[in-house]
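Just below is one structure, and these are the notes that go with it.
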Amino acid sequence: MSSPTEFLYDFFVSRRGSVGSAAAEVAAVLEREGYRVKVQDYDFGRGGDYVGDIHDALVAARHLFVLHTTDYDENYWTRKEFTNFLATLPESQGMRRICILRCDESMPRGILANVVFGDLVGVANAEERRKVILATAAGQPLQARSEPRIFGGSMPGKNANFTGRGRVLAQVENLMRGEPGSTSLVVVAICGLAGTGKTSVARACVDALAPEHSGVWWVNGQSRQDIVGGLAALGTRIDPRLVQESEVEKVARMALARIERLERPLLLALDNVDSPGDVDGLLPARGAHVLITSRRSDWHGRAHELTLDLMDEEEAVAFLQMRAGRKDEAGARRLARALGLLPLALDHAGAYVRHAMMSFDAYAKGLDKRLSKAPRDAPYPVSVAGTFSLAIENAVAECAAAEIALGQFAFYAPERIPLELLPESVLPEDERGDALLALTGVSLVRSDPLDDDVPGVSLHRLVQSAMRLRLAERDRAGAALNRAIATLAEAFPDRAYEDTTTWPRCDRLLAHAMAIREHASALDANTPAAPILFDRIGQYLHGRAMFSLAEAMYRNAIASGERQFGADSLEIARFKNNLANVLSALGRGGEAEPLLREALRLQEEKLGRSDPGRARMMTSLAWLLQEMGKSAEAEQLLREAIESCEATLGRGHPDMAVRINNLALVLQRSGHAEEAEALLREAIQAGERSLGRDHPVVLARLNNLASLLRDKGQTSEAEALFREALEAGTRSLGPTHTDIAAWSNNLANLLRDQGRYEDAEPLYREALATCELRYGARHPITGRIQRNFAVLQLATGHAEEARHNAEHALSVHADILGREHPWTRESAVSYAASLAALGRRDEADGVRSSHGLPLGTSAKQED
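First residue of the sequence shown: 4, per this note's numbering; consecutive thereafter.
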């Protein structure tokens, strides 16, 4: 094993100081095998005999054994070592070589990139490490199958009963492995009927492929929102600081960016994806192997599509006997055929036979009896309904309360249902425990705690379908649905639009609320809790700037509420007020105004003109009128609202601050700056007392005061207030909230007007990107920021970019706000100025003329 006598050593171990223990380990392993080893025991210095010693060691050693780390090939002296050694290789005629052992996450680069290397990263077992070291020394590095670093996610536990599916497993593994060492994106979709075992196959694929990946992350992908949430959870696991970021999509995209930089691909599993479009824009460009399961089979162009069929009959027969713990091939075959070879049905049947200690034929007879009663138009195969019906009856026989519990779960989303949705009012705690024991005993539900260790359960959607069918057959579906709605309405926070502390709870319940909404529509739910729930969901979605979904929820609340409370009820007035507010945010003031006037009329009819609720609705209407340019009527309404509110609640009440703030904005617009400033400072002080200075509502008032001070020329105080609001708001709302976009725009305007263009430009770009994301391109606020940005671009000599932004802003404002609105006029000024700057003066004069502007008006004059 030793070298010829012309070499004193077999190996010279070259390394940096960070891997001293690894150097000692390598030397010990090699010396035990009879190799002669010289180890570099300390980092390089400068000059002296040390350099000569290194030279002598390199000459006296046949092979160079490099312990590669991040700083190895960046250091001057270690670079000299391996480059000098490389220079000797051609004349050695293959007798010498460089051996590289990777000791951290860095990869050999440059002239070392083509050298085959061994890998100790992630290898903890001493014997496995020894094998890797010796294989590297022999010039044939062993790529050890180390234990994977599974980051986590919502990955289910390993299915101990999994069997068969060898063909699909082999297909997935071949596609995923592809070219060794490649970090190119690979996407594989396992498709098939619900209940065919797609999740179990994906879990088995993870077990096989995980050691070859840098990590594993599993996401329940039932909706696009769930996928975004799962990726965001990965982001916070990679970088715990991101937990402070409230904008979920931002965190998700940061996670994707981190994946793209990985040197070994991540194995990302997206389980039960509802639609191929749900993953669009949510996959990294590289650095990942993505495994998708879905009932949909239209993944062409997005993924390698593999269809998971029903289980092979021989596999099914073997599986049934193993699951049931019985040897009866003929009986198992008859039962497998009766169950349609559906893995989920086979699993439940096998579990039932095992626990009930009955024969396959006895189970099949009971199943046949139930199959004959199943409706022909059932949405799922009757064999599945029959299997679940038998399992449900078994659980109910053990505990009657199991029927109530499962009936409650049947109308929520199937994954991660918090047990607070099965409260004492539905089942006392002891009965709930017995019911869960009965249901888990026959595998109808499973424990699935939420991320914060809140108790929860999950169940298959086919179990839910079977339970809903059972309830319908017994004429109990409506009652069970109403009970589930009432429970969720009680649990879903109220006033979530303004109370950001409720958002984590709202997000946890949102998937269940959306599921309830679908069932309520299908079954025409008849409970007063339904419109209340829809309104609360709408408030949360509105607060998170998800305006289209919020609009839909508010409309559901109105439609359901009119049946429950009557079209002239106070509840309908409140729902219409909320719908109008979200329509206003969408720039649809023409639709919002009649809703607000109707809500105000109902409020006055029911409670009189002195009720505080009337003042709130007057404020909403005044705010809308102000945005529509009707400042005189807005001021009149607000003064009346303040007078009414002060008479009933007192000047110090928090509701007064809202009205005072809004009156100040109207007065500022109409030129009454001094009165407006005094009112704004009063509103801020009131907000600080009741909410705290860093609350988003108070920060909005600081922003309003800053805008007024800017207009008065008090720019230093204005900038300080703008920055305070922006920094505190980013912490509480997240960087892509619409309020942050508005405040960024306002600060950018101030900086632009001071000639601080480089400071202002990134603020405009961030604000514009957020508004396009949240509002859409054709929203008045999006257009407003485009117009403001155009003024800067024109001032900095980027006339073509200014023209593009100003033209789009003018189109939006003219179409939505009308040609007489101030924003439309200002957009026209900027558009004309940009055309003039491009030398298109006739076109510029045409724009000015069509909007009634003086010829030659500049953007600065109208800003």
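In this text, a Cβ means the ideal position worked out from N, Cα and C, and glycines have one as well.
Every value quoted in this text rests on a predicted model; they were computed, and no experiment measured them.
Endpoints, alpha helix (DSSP H) assigned at E34: Counting along the chain, the alpha helix (DSSP H) containing E34 begins and ends at G23 to R35.
Collapsed DSSP secondary structure at G218 in the structure displayed: Looking at G218 - three-state DSSP - the assignment turns out to be strand.
Stretch-stretch touch, CB-based, cutoff 8 Å, three pairs: the segment 404-419 with the segment 484-495: Yes, the segment 404-419 is in contact with the segment 484-495.
Three-state secondary structure (DSSP) of Y12: Secondary structure of Y12 (DSSP, three-state): strand.
Distance, A60 Cα to R19 Cα: The alpha-carbon atoms of R19 and A60 are separated by roughly 16 Å.
For A602 and K609, the rounded distance between their alpha carbons: Near 11 Å, if we compare the C-alpha coordinates of A602 and K609.
Any alpha helix (DSSP H) of 4 or more consecutive residues that is wholly inside the segment 408-456: With a minimum length of 4 residues, the continuous alpha helix (DSSP H) runs that stay inside the segment 408-456 are 432-444.
Through-space distance from S24 to T81, alpha-carbon basis: Answer to the nearest angstrom: the Cα atoms are 18 Å apart.
Through-space distance from A319 to A26, alpha-carbon basis: If you take the alpha carbons of A26 and A319, they lie about 53 Å apart.
Beta-carbon proximity list for I241, same chain, < 7 Å, skipping 5 on both sides: If the five residues before and after I241 are omitted, its C-beta is found closer than 7 Å to the C-beta atoms of A258 and R261, all from its own chain and listed in chain order.
Beta-carbon contacts of G353 that lie in its chain and below 6 Å, excluding the five residues immediately before and after: Setting aside the 5 residues that flank it on each side, G353 is surrounded in the same chain by L323, R326 and A327, each with a C-beta closer than 6 Å to its C-beta; the list follows chain order.
Selected residue, minimal CA-CA separation from S187, among R206, S563, L269 and V135: Among R206, S563, L269 and V135, the Cα nearest to that of S187 belongs to L269.
Residue environment, M314, which counts as buried when at least 16 other CB atoms sit within 10 Å: Buried, because 16 or more other Cβ atoms sit within 10 Å of the Cβ of M314.
Range of the contiguous beta strand (DSSP E) that encloses E608: Boundaries around E608 are those of the alpha helix (DSSP H), G592 to L610, since no beta strand (DSSP E) includes it.
Terminal residues of the alpha helix (DSSP H) in which Y357 lies: Checking the sequence shown, residue 357 turns out to be Arg, not Tyr. In this chain, the alpha helix (DSSP H) harbouring R357 covers P346 to A359.
Contacting residues, own chain, Cβ-Cβ under 7 Å from A405 (five flanking each side not counted): Closer than 7 Å at the Cβ level, and outside the excluded window around A405, lie A398, V399, A438, A441 and L442.
C-beta contact flag for D274 and R305 at 9 Å: By the CB criterion at 9 Å, D274 and R305 fall outside the cutoff.
Cα-Cα separation between E493 and P421, rounded to whole angstroms: When rounded, the distance between both Cα atoms is 14 Å.
Between the CA atoms of Y79 and G55 - distance to the nearest angstrom: Using only the alpha carbons, I get a separation of about 16 Å.
Strand pairing of T296, partner residues [DSSP]: When DSSP reads this structure, T296 sits in a beta bridge with I193.
Cross-strand partners of R289 (DSSP beta bridge): Paired residue(s): S187.
Neighbourhood of E764 by C-beta, 7 Å cutoff - its chain only, sequence neighbours within 5 removed: Counting only Cβ-Cβ distances below 7 Å, and skipping sequence neighbours, we find L795.
Enclosing alpha helix (DSSP H) for K134 [first to last residue]: Note, K134: alpha helix (DSSP H), A129 to A140.
Backbone CA spacing between I193 and P597 [nearest angstrom]: I193 and P597 have their C-alpha atoms some 51 Å from each other.
Touching by the beta-carbon criterion (3+ pairs, under 8 Å), the segment 624-637 and the segment 649-658: Segments in contact, no.
CB contact flag (A644, R619, <9 Å): Going by C-beta atoms, A644 is nearer than 9 Å to R619.
Through-space distance from E769 to E677, alpha-carbon basis: Roughly 32 Å separates the two Cα atoms.
Three-state secondary structure (DSSP) of H854: DSSP, reduced to helix, strand and coil, places H854 outside both helices and strands of the structure shown, so it counts as coil.
Backbone CA spacing between F537 and L424 [nearest angstrom]: If I take the Cα positions, the gap works out to 17 Å.
Span separating the alpha-carbon of E810 from that of S830: Cα to Cα, the separation comes out at about 8 Å.
Whether V69 touches L115 by CB criterion (9 Å): Yes, the Cβ-Cβ distance between V69 and L115 is below 9 Å.
Same chain, Cβ closer than 8 Å to E332, neighbours up to 5 away in sequence not counted: So the list reads V320 and Q324, once near-sequence residues are dropped.
Bridge partner(s) assigned by DSSP for F120: Listed as beta-bridge partners of F120 by DSSP are I103.
Closest Cα partner of L797 within the set S837, W221 and A63: With distances taken between Cα atoms, L797 lies closest to S837.
Boundaries of the beta strand (DSSP E) in which L67 is found, first to last residue: Where L67 is concerned, the enclosing beta strand (DSSP E) stretches over A64 to H71.
A403, buried or exposed, once every other Cβ within 10 Å from all chains shown has been counted against 16: When all chains shown are included, A403 counts as exposed.
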